[in-house]
Amino acid sequence: MRNWILCLCALAVVASISAQHYNRYDNFNADSIIQNERILLAYYKCVMDKGPCTKDGKNFKRVLPETLSTACARCSQKQKLVVRKLLLGIRAKSEPRFMELLDKYDPERANRDALYHFLVTGN
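Under mature numbering (1 follows the signal peptide of the UniProt record, and there is no 0), the residues of the sequence shown are numbered -19 to -1, 1 to 104, in order.
#1: Going by the beta-carbon positions, is the gap between leucine 68 and leucine 22 smaller than 8 Å?
#2: Counting only runs that start and end within the segment 26 to 57, where is the beta strand (DSSP E) found for 3 or more residues in a row?
#3: In whole angstroms, what is the alpha-carbon distance linking arginine 90 and serine 13?
#4: Measure the CB-CB distance between leucine 96 and alanine 52 and report whether it falls below 8 Å.
#5: Distance, Cα to Cα, threonine 102 vs lysine 61?
#6: Taking buried to mean at least 16 other C-beta atoms within 10 Å of its own C-beta, is threonine 35 buried or exposed?
If you want it as structure tokens, here you go:
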């Protein structure tokens, strides 16, 4: 469970950053975030409304719905690779937890097909 929480936090961070299409995040190192359990847990709690948010956490939480609902449409190619890597990692660790995140940000499941297509193809 602990590893899953870490991956979920990384997803939230990267997905949220990606939706903004900020150049400063083009060199984002997903692996270093995944390895820092304290930071990942903090982001997870933030995006799931289970804890306080930092400035970055608030931004991630704000853009996460768009990132998931558009399958990272506004992301650069590099950002898409990072988001896809993190989503697939989370899904591999815990399908139920992955679904919990998706259900929070896409409760009507209106965009699941597009998101799953993105996970399979990267587009």
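No residue lacks a Cβ here, since even glycine has one placed at the ideal position from N, Cα and C.
Since we're looking at a predicted model, the values are computed, not measured.
Taking the definition as stated:
#1: Translated into positions along the sequence shown, residue 68 becomes position 87. Translated into positions along the sequence shown, residue 22 becomes position 41. No, the pair does not count as a contact, with Cβ atoms beyond the cut-off.
#2: With a minimum length of 3 residues, no continuous beta strand (DSSP E) run stays inside the segment 26 to 57.
#3: Against the sequence shown, residue 90 aligns to sequence position 109. Against the sequence shown, residue 13 aligns to sequence position 32. Serine 13 has its alpha-carbon roughly 31 Å from the corresponding atom of arginine 90.
#4: Counted from its first residue, the sequence shown places residue 96 at position 115. Counted from its first residue, the sequence shown places residue 52 at position 71. Taking 8 Å as the Cβ cut-off, leucine 96 and alanine 52 qualify as a contacting pair.
#5: Position 121 of the sequence shown, counted from the first residue, corresponds to residue 102. Position 80 of the sequence shown, counted from the first residue, corresponds to residue 61. If you take the alpha carbons of threonine 102 and lysine 61, they lie about 11 Å apart.
#6: Here residue 35 refers to the residue found at position 54 of the sequence shown. Counting Cβ neighbours within 10 Å, threonine 35 comes out exposed, since fewer than 16 surround it.
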